[in-house]
Amino acid sequence: MQSANAIDAKGFHLTVPEPTVSTAESATVHVGPKHDWGKFTEKEHIPIDVTEYNRKGKEPGLVLIFNEENAENQPYRKGSRRDVNEIILCFSRLGFNIYEDNICTDFTRKEVLEKLEQVKTNDLSDVNSLIVFFLSHGDDNNILYCKDSSIQAHEIWTKFSNCDELDNKPKFFIFQACKGKEFTNASAGESVTQLVPDTIFSPKHMTPDMLIVYSTLEGKFSFRNTLTGTWFIQELCKNFSAYGRRDDVVSLLLRTTKCVCRNYYHKADEEIYKQMPIFISTLRKKFYLNKNKDRGFILEVMSQYDKIMNSINEIKKKVDVLYNVQLEQERKAKK
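Here the UniProt record's numbering is used: the first residue of the sequence shown is 1, the next is one more, and so on.
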């Protein structure tokens, strides 16, 4: 079968043949409107230590998905709907509530900015985190393509830089798009200075408690399989589903990066091409998506700490009394 890999790049004119097998585009997983019944509710959370973000709200997090299948003057992004489905299933398994009006397909630039403003002005006091996906074609210098024009990635995350109700809460932004027109050659090492040019992340754009992830390096292509979805999003969802109840998000991203680099390649003209995701973090604590039974057990122990310590102290007092009684009896016996 011929390669089903395509590229999420602006102005890339190489035609990658579609598979000869006829397949129908999968429909987006159905999610309902907002209502109170049937919602996941965050259980009372007791932080294990100061390195973990508090989770005081009832909502694990707000998940917002922008899926630009028909970006401006670009080929249809076949396979992107598979990514949306996997994101919905993955985060639903982790206890997040996914709402219909937060899945945004083929939005214009104006609609994207209006949606971000709407989310920002909503009541977010009960939300423990913000997670935003943007799936589209892209280009150098953080350019992303909407239905009618383009938007820069920092215009998305800076919307929440001064959001009081998300203060001291993790804000997670995932960008699936090309960042240029170059392949990442499997045999050519990337120097450290090439990974993140100084112009890509300006200090004025970065604020605390943010985690920003790109599917590929600056200047490079990002691959999308027209049948199974993009390499990066599919691998991210696999790892988050498998380990999201145990590991923190940065650990999950390191695992995802390793899997994308190791498990995927594209061969063309006898060359082997790979993909290297990248992320930058201003998180100040560990960001967990959920609690698993092992961490839950530790939390339970922590919640009962005072009771356990009191019991230990009582036992110690009784042991001391018995020990002193024994010493007194031995002293009298010697007389």
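The beta carbon of each residue, even a glycine, is placed where N, CA and C say it ideally should be.
Reduced DSSP secondary structure (H/G/I, E/B, other) of residue i
i: histidine 266; result: strand
i: methionine 276; result: coil
i: asparagine 102; result: helix
i: alanine 328; result: Note that residue 328 corresponds to glutamate in the displayed sequence, not to alanine. Of the three classes helix, strand and coil, the one that applies to glutamate 328 here is helix, per DSSP.
i: tyrosine 305; result: helix
i: asparagine 67; result: strand
i: aspartate 139; result: strand
i: lysine 317; result: helix
i: glutamate 271; result: strand
i: leucine 113; result: helix
i: arginine 93; result: helix
i: threonine 158; result: helix
i: alanine 6; result: strand
Beta carbon proximity, residue i to chain C, threshold 9 Å
i: isoleucine 156; result: Looking at the structure shown, chain C is missing, and only one protein chain is on hand.
Rounded separation between residue i and residue j - CA only
i: leucine 130; j: glutamine 176; result: 17 Å
i: serine 311; j: serine 303; result: 14 Å
i: isoleucine 98; j: isoleucine 315; result: 50 Å
i: glutamine 152; j: leucine 144; result: 6 Å
i: valine 84; j: glutamate 271; result: 31 Å
i: aspartate 148; j: threonine 108; result: 5 Å
i: proline 277; j: valine 112; result: 24 Å
i: asparagine 70; j: threonine 228; result: 18 Å
i: residue 336; j: glutamate 300; result: Any question about residue 336 goes unanswered here, given that the chain covers just 1 to 335.
i: glutamate 165; j: asparagine 263; result: 40 Å
i: glycine 61; j: asparagine 290; result: 10 Å
Nonlocal neighbours in the same chain, by C-beta distance under 8 Å from residue i, ignoring five residues either side
i: threonine 282; result: Met206, Thr207, Pro208, Asp209, Met210 and Leu211
CB-CB length for residue i against residue j, believed under 8 Å
i: serine 215; j: phenylalanine 240; result: Their Cβ separation, rounded to whole angstroms, is 15 Å, which puts serine 215 and phenylalanine 240 out of contact at 8 Å.
i: isoleucine 156; j: valine 119; result: That pair is no contact at about 11 Å.
i: valine 213; j: phenylalanine 134; result: In fact, because the Cβ distance is near 10 Å, the residues do not count as touching under 8 Å.
i: serine 136; j: glutamate 68; result: 4 Å
Neighbourhood of residue i by C-beta, 6 Å cutoff - its chain only, sequence neighbours within 5 removed
i: lysine 286; result: Thr51, Glu52 and Asp248
i: glycine 180; result: Asp140, Gly219 and Lys220
Close beta carbons around residue i, own chain, < 7 Å, minus the five adjacent residues each side
i: glutamate 59; result: Glu42, Asn97, Asp126, Val127 and Asn128
For this session: Report yes or no: do the region 152-166 and the region 203-222 share at least 3 C-beta pairs separated by less than 8 Å?
Result: yes
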